[in-house]
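Novice: My questions will all concern the structure given below.
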Amino acid sequence: DACLRNGADIIVNTDADNQYCGDDIEKLVRPILEGKTDIVIGERPIDQTEHFSPLKKKLQHIGSWTVRVASHTDIPDAPSGFRALSRAAALKMNVVNEYTYTLETIVQAGRNKMAITSVPIRTNPELRKSRLFNSMFGYIKKSVLTIIRAFMMYKPLRFFSIIGGIVFGVGLIIGLRFLIFLLMGNSAGHVQSLILASTLMILGFQTIISGLLADLIASNRKILEDTQERVRRLDYGSEKHWKETEQEKEAEK
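Quick note: the sequence shown uses UniProt numbering, first residue 1, plus one each step.
Okay, here's the thing in structure tokens:
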């Protein structure tokens, strides 16, 4: 918001640990200046980065693949914090989780049909450990939670239907098992299976209903996002115009 308030046409984001090569900023902003895309993500040479452990490299690839599935984009390095956004893209962004915004913004970009691409960038040698996450486990946990939240926010019907369908299916299988014993005349010792099957099927059905309700709520979220974008355009557009007017007055003095 601060960048928009100050009239930025292109916003470039980088990390404070000097991980990315600053000379590659030109690579990030060029596609936006040429009008080819709204968002550009810097693609790190993950497999060639020496200070990345084999486990971290693997996890980076898995995380990027998950985000590609969630966002319907083809970004190869989703966790990269070196990126550029056009003013139009920034006006549409609504980041909920500040810790893993790198993943969430890509999911939002894919959902809002923004033009997003990646360019290869260089990295610098590691100077210190990351202060954002205490351990790799902490990063993985927050990233997984963010991805799950993104699915719940943007694909609620599919998310809850899959979970509800699995739970309902397990209950149905257990119920069929009880039915087989009932037909064989040996159901007396399997009443627990009937209770468990009924419970699972009810939970599964309720989960699917929750998905339907969440899908209806998601449509309201879209309306709110459109409203927020319009308010931002009016607010920050007026702010920029006001600053330009003040600068002109100062120049005349």
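Positions of the beta carbon are idealized from the N, C-alpha and C atoms, including for glycine.
#1: Buried or exposed: where does GLN108 fall if 16 or more other Cβ atoms within 10 Å of its Cβ makes it buried?
#2: Per the DSSP calculation, LEU85 is bridged to which residue(s)?
#3: At which residues does the alpha helix (DSSP H) containing VAL67 begin and terminate?
#4: Give me the Cβ distance between SER71 and ILE106, rounded to the nearest whole Å; I'm assuming they're in contact under 8 Å.
#5: Whole angstroms is fine: what's the gap from SER64's alpha carbon to SER80's?
#6: Specify the secondary structure class of PRO156 as computed by DSSP and reduced to three states.
#7: With a CB to CB cut of under 8 Å and the five nearest residues on each side skipped, what residues in its chain are close to ALA89?
#8: Is DSSP giving SER118 helix, strand or coil here?
#9: Does THR49 come out as helix, strand or coil in the three-state DSSP assignment?
#10: With DSSP as the reference, identify every bridge partner of THR123, one or two as the case may be.
Specialist: Taking the geometry as given:
#1: Start at 1 with the first residue of the sequence shown, and residue 108 comes out as number 108. GLN108 should be labelled buried.
#2: Here residue 85 corresponds to residue number 85 of the sequence shown, with the count starting at 1. Answer by DSSP bridge pairing, in chain order: ILE11, ILE39.
#3: Numbered from 1 along the sequence shown, position 67 holds the residue referred to as residue 67. Boundaries of the alpha helix (DSSP H) around VAL67: 54–71.
#4: As a position in the sequence shown, residue 71 is number 71, starting the count at 1. As a position in the sequence shown, residue 106 is number 106, starting the count at 1. Between SER71 and ILE106 a beta carbon distance of about 5 Å is seen, short of the 8 Å cut, so the two are scored as contacting.
#5: Here residue 64 corresponds to residue number 64 of the sequence shown, with the count starting at 1. Here residue 80 corresponds to residue number 80 of the sequence shown, with the count starting at 1. The straight-line gap from Cα to Cα measures roughly 9 Å.
#6: Residue 156 sits at position 156 when you count from the first residue of the sequence shown. Three-state DSSP puts PRO156 in a helix.
#7: Against the sequence shown, residue 89 aligns to sequence position 89. Excluding positions up to five away in sequence, the list reads ASP38, ILE39, ALA109, MET114.
#8: Walking along the sequence shown from the start, residue 118 turns up at place 118. SER118 sits in a strand when the DSSP states are folded into three classes.
#9: To locate residue 49, count along the sequence shown from 1; it is residue 49. Correct three-state label for THR49: coil.
#10: Here residue 123 refers to the residue found at position 123 when the sequence shown is read from its first residue. As DSSP reads the structure, THR123 sits in a beta bridge with TYR20.
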